[in-house]
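Asks: Residue numbers (UniProt numbering): 1 to 426.
We put the CB at the ideal spot given by N, CA and C, even for glycine.
On a predicted model such as this, the values are computed, not experimentally measured, just so you know.
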Amino acid sequence: MEEYGKILIIAMPVFLVLIVIEKLYGIYKKNDTAPLIDSVSSISSGITNSVKDVLGLSITFLSYEWMVSKIALFHQEATVLSYIIAFFVIDFYGYWSHRLAHQINFFWNKHAIHHSSEEFNLACALRQPIASLVNLFTFLLIPAALLGVPASVIAITLPLHLFLQFWYHTKHIKKMGFVEKILVTPSHHRVHHAINPEYLDKNHSQIFIFWDKLFGTFQEELDDIPPVFGITRPANTWNPIKINFQHLTLLIKDAWRAESWKDKLTIWFKPTGWRPENFEEKYPVNKIENVFDFEKYGTQNSQKLIYWSVAQILITLLFVSYLFENIAQIGLPNIFVYGFFIFITIYSSSELMDKSRFAIVWEGFRLSLATAVILFYGDWFGLKTVFSLSNYIILGYLSVSFLITIYFVTVDFKTNQNQTINSQTA
Numbered sequence: 001m002e003e004y005g006k007i008l009i010i011a012m013p014v015f016l017v018l019i020v021i022e023k024l025y026g027i028y029k030k031n032d033t034a035p036l037i038d039s040v041s042s043i044s045s046g047i048t049n050s051v052k053d054v055l056g057l058s059i060t061f062l063s064y065e066w067m068v069s070k071i072a073l074f075h076q077e078a079t080v081l082s083y084i085i086a087f088f089v090i091d092f093y094g095y096w097s098h099r100l101a102h103q104i105n106f107f108w109n110k111h112a113i114h115h116s117s118e119e120f121n122l123a124c125a126l127r128q129p130i131a132s133l134v135n136l137f138t139f140l141l142i143p144a145a146l147l148g149v150p151a152s153v154i155a156i157t158l159p160l161h162l163f164l165q166f167w168y169h170t171k172h173i174k175k176m177g178f179v180e181k182i183l184v185t186p187s188h189h190r191v192h193h194a195i196n197p198e199y200l201d202k203n204h205s206q207i208f209i210f211w212d213k214l215f216g217t218f219q220e221e222l223d224d225i226p227p228v229f230g231i232t233r234p235a236n237t238w239n240p241i242k243i244n245f246q247h248l249t250l251l252i253k254d255a256w257r258a259e260s261w262k263d264k265l266t267i268w269f270k271p272t273g274w275r276p277e278n279f280e281e282k283y284p285v286n287k288i289e290n291v292f293d294f295e296k297y298g299t300q301n302s303q304k305l306i307y308w309s310v311a312q313i314l315i316t317l318l319f320v321s322y323l324f325e326n327i328a329q330i331g332l333p334n335i336f337v338y339g340f341f342i343f344i345t346i347y348s349s350s351e352l353m354d355k356s357r358f359a360i361v362w363e364g365f366r367l368s369l370a371t372a373v374i375l376f377y378g379d380w381f382g383l384k385t386v387f388s389l390s391n392y393i394i395l396g397y398l399s400v401s402f403l404i405t406i407y408f409v410t411v412d413f414k415t416n417q418n419q420t421i422n423s424q425t426a
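(1) Taking only three categories from DSSP, how would you classify residue 179?
(2) For residue 194, which residues does DSSP report across the bridge?
(3) Since I believe residue 208 is in contact with residue 91 (beta carbons under 8 Å), could you give me their beta-carbon distance rounded to a whole number of angstroms?
(4) Compute the Euclidean distance between the alpha carbons of residue 287 and residue 233, then round it to the nearest angstrom.
(5) Taking the alpha carbon of residue 360 as the reference point, which residue from 377, 404, 334 and 305 has its own alpha carbon closest?
(6) Answer yes if the region 284-299 comes into contact with the region 225-243, meaning at least three C-beta pairs across the two stretches below 8 Å, and no otherwise.
(7) I'd like to confirm the pairing. Which residues does DSSP put opposite residue 451 in its beta bridges?
(8) Would you call the region 136-151 and the region 75-91 touching, i.e. three or more CB-CB distances under 8 Å?
(9) Looking at the structure shown, is residue 413 part of a helix, part of a strand, or coil, going by DSSP?
(10) Taking the alpha helix (DSSP H) that residue 261 belongs to, which residues open and close that run?
(11) Within a Cβ cutoff of 7 Å, which residues of the same chain sit near residue 43, ignoring the five residues on either side of it in sequence?
(12) So does the region 349-368 actually touch the region 234-250, counting three or more Cβ pairs closer than 8 Å?
(13) Comparing alpha-carbon positions, which option in 246, 399 and 385 lies nearest residue 364?
(14) Within this structure, are the beta carbons of residue 338 and residue 318 separated by less than 8 Å?
(15) Can you look up residue 324 in the DSSP assignment and give me helix, strand or coil?
(16) Between the C-alpha atoms of residue 372 and residue 333, what's the straight-line distance to the nearest angstrom?
(17) By alpha-carbon positions, which one of 134, 50 and 190 ends up nearest to residue 346?
(18) What are the uninterrupted segments assigned as alpha helix (DSSP H) that are 4 or more residues long and contained completely in the region 15-87, given in chain order?
(19) Look at the Cβ atom of residue 108, then the Cβ atom of residue 204, and state whether they are nearer than 8 Å.
(20) Give every residue of the same chain whose Cβ lies closer than 8 Å to the Cβ of residue 309, excluding the five residues on either side of it in the sequence, and list them in chain order.
(21) Leaving out five residues before and five after residue 291 in sequence, what residues of the same chain have Cβ atoms less than 7 Å from its Cβ?
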């Protein structure tokens, strides 16, 4: 946990700077592909995922280390060769786990969050799951285990492999010539994120595009069909925690309502989107039928809400950075209390972005939780030893945030709603 937290301390500012550069470049080119509130939601999702990973909130039934000890034909040291083998095997593993997440109902739940943005930009690369609480695909690393690649090499290569998938989430880089034949490029990945019928469930590769070409899932980006992004059953929320469990909620409801026991049991393993017969008519869900004719979610917001949401996510990143930098000092079980505070923070701020009146309740709960922590420990997880006024600053910030939330819910949202109604009737 501590080592991964240190890696994220370095990675987070790098990602943030690149997101800002893409935003400024889009404004300069008069083609801004990164609306602020969408980017805030994406960064929020990245925070929840990284906190989940750092806290170790996942279960692996079949560990790589155990596989190496049982099936390795010979054992390697941590050499350049072992890292190269690990990278290729992890990319093979990534292709198939990614493809299965798209093709099987139950597995789609953990991946839908990554596709939920109706934009395509660097920030949406950070939309990673918290619903992936169980790792079922370790067996795909068997080739590396057979060759005796050390577990330490896999542990280092996995996050590196993930971070290298960040750069191609952009609309500003067009086709890249010869590179298109070898690596996954922005053009390839735009196809993957698109909901156009021509592009659905294509280009699952993560670094090397040849897996798609080898296994028949490759699709080139077509000049006459611009990709449209999102998911066919739109999330209609900025709340990453809700998005993480939307599909699972629908599966549970459909399994409960299904009259046939066969449907109740097999719905989980059917192709993604499958529902029992006539359920689309009996229990309809919002679905995009024409990808070129639908309204994107959450486009009508006051500038005040947008700027406050940006400020909130930046402050949250400071809280997260302190957690990652001080995991060992905070210790168990306190890191779970801290992690819970981060999750409540994300839930509260995204409820406000959704213009939900319940944002007041969540923000009040966040203030109460922080107050209880400081009263119980006399400190914010050791921060007082670094900065003596930390308690006052944290409680002051959370109190102001609570009051601002009340203002948005009781004043700003109603004003914005009235202005929207007036513009529609004018």
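Replies: Let me spell this out:
(1) Here residue 179 refers to the residue found at position 179 of the sequence shown. Residue state, collapsed to three classes: helix.
(2) What you label residue 194 is simply residue 194 of the sequence shown in a count that begins at 1. For residue 194, which the question treats as bridged, DSSP gives the partners 229.
(3) Here residue 91 is taken as the residue at index 91 of the sequence shown, counted from 1. Here residue 208 is taken as the residue at index 208 of the sequence shown, counted from 1. Indeed, because the Cβ distance is near 5 Å, the residues count as touching under 8 Å.
(4) To locate residue 287, count along the sequence shown from 1; it is residue 287. To locate residue 233, count along the sequence shown from 1; it is residue 233. For residue 287 and residue 233, the distance between alpha carbons rounds to 5 Å.
(5) Translated into positions along the sequence shown, residue 360 becomes position 360. Of 377, 404, 334 and 305, the residue nearest in Cα terms is 404.
(6) yes
(7) Because the chain is modelled from 1 through 426, residue 451 falls outside the range shown and cannot be assessed.
(8) yes
(9) Indexing the sequence shown from 1 puts residue 413 at position 413. Helix.
(10) For the purposes of this step, residue 261 is taken as the residue at position 261 of the sequence shown. Residue 261 -> alpha helix (DSSP H) spans 261-266.
(11) Position 43 of the sequence shown, counted from the first residue, corresponds to residue 43. Result list for residue 43: 123, 126 and 313, in chain order.
(12) yes
(13) Walking along the sequence shown from the start, residue 364 turns up at place 364. Nearest of 246, 399 and 385 to residue 364, Cα basis: 399.
(14) As a position in the sequence shown, residue 338 is number 338, starting the count at 1. As a position in the sequence shown, residue 318 is number 318, starting the count at 1. No, they are not a contact pair.
(15) Taking the first residue of the sequence shown as 1, we reach residue 324 at position 324. In this structure, residue 324 counts as helix in the three-state DSSP scheme.
(16) To locate residue 372, count along the sequence shown from 1; it is residue 372. To locate residue 333, count along the sequence shown from 1; it is residue 333. Rounded to the nearest angstrom, the two C-alpha atoms are 16 Å apart.
(17) Within the sequence shown, the letter at position 346 stands for residue 346. Minimum Cα distance to residue 346 is reached at 50.
(18) 36-54 and 64-71
(19) Counting from 1 along the sequence shown, the entry for residue 108 is found at position 108. Counting from 1 along the sequence shown, the entry for residue 204 is found at position 204. Contact flag unset, no.
(20) As a first step, residue 309 is located in the sequence shown; it is residue number 309 there, counting from the start. Closer than 8 Å at Cβ, skipping near neighbours: 36, 37, 40, 349, 352 and 353.
(21) Translated into positions along the sequence shown, residue 291 becomes position 291. Taken in chain order, the residues that qualify are 195, 196 and 228.
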